Amino acid sequence: MPSYKADIAGGALKVYESRIVASLLLNNASAAEWRNAIEVENVLQKKSPGTAKRQASLIRARLVTLTPDLLGLVRDGSKPAATQAVFAAALVHSPLLLDFLKLEVRDHFRSGNLSLTRSHWRAYLDGCRERDPMMPVWSTSTAEKLGDSTFQILLEIGMLSDADRPMLQPVYYQPEVIAELNKGGFSEILRAMQAFI
């Protein structure tokens, strides 16, 4: 049974920051080195140490789900490859986001109704409560922020068009990203990423 949490609020993909965090992870930074980089050196270039810590914590929680080879794509890959690897990490980390693609987005592609609106997000959240009765009760503003993050992520990955009336569209994934996801055993994640197939 899925366990839905508000683990994407305020968290678009943040590819620039993810490259930095991936580097710290690949270099096996100690707790002291991590704290120094994030809070003292402010490598993420945030306005306050609190913001830097929060963002670093979210990004780290996402990226630790990846294999070293996928982390390497986040750190060193082209912008499309890094973005797609971070997207995969976000899906592994967040059942809320993963199921939105598997259930809602895939259904839209299959039916040919490519318009995706906030009413679809709200209906999806209602369905989440049926699947996970232990899901926290979120305020309207939290539910909307989660929707903001989700739609922003779909926009960043190219699955949602940047228009007044956003429409779903297929995404071209970099071959190296698909290869590493297959090699790393992320078949369920890859199927969700390819909800348009």
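All residue numbers for the sequence shown refer to this note's numbering, where the first residue is 9 and numbers rise by one. Where a beta carbon is used, it is the ideal one built from N, C-alpha and C, also for glycine. Quick caveat, the model's predicted, so the values are computed rather than measured.
Is residue 70 buried or exposed, if buried means 16 or more other CB atoms sit within 10 Å of its CB?
buried
Could you give the distance in angstroms between the alpha-carbon of residue 175 and the alpha-carbon of residue 108?
16 Å
For residue 86, three-class secondary structure by DSSP
coil
Can you tell me whether residue 91 sits near the ligand COA, meaning its C-beta is under 7 Å from at least one heavy atom of the ligand?
Among the components of this structure there are no ligands whatsoever, and the ligand COA is therefore not found.
Could you say if the segment 94–107 and the segment 19–37 meet the contact criterion of at least three C-beta pairs nearer than 8 Å?
Pairwise C-beta distances place the segment 94–107 in contact with the segment 19–37, as three or more of them are shorter than 8 Å.
Put residue 38 into one of helix, strand or coil per three-state DSSP.
In the structure shown, the three-state DSSP call for residue 38 is coil.
Within 8 Å, strictly: CB atoms of residue 30 and residue 37:
Remark: C-beta atoms of residue 30 and residue 37 do not approach each other more closely than 8 Å.
On the criterion of 16 or more Cβ atoms from any shown chain inside 10 Å, does residue 205 qualify as buried, or is it exposed?
exposed
Assigned secondary structure, residue 31 (DSSP; H/G/I helix, E/B strand, else coil):
Residue 31 falls in the helix class under three-state DSSP.
So, using beta-carbon positions, are residue 103 and residue 12 closer together than 8 Å?
Yes.
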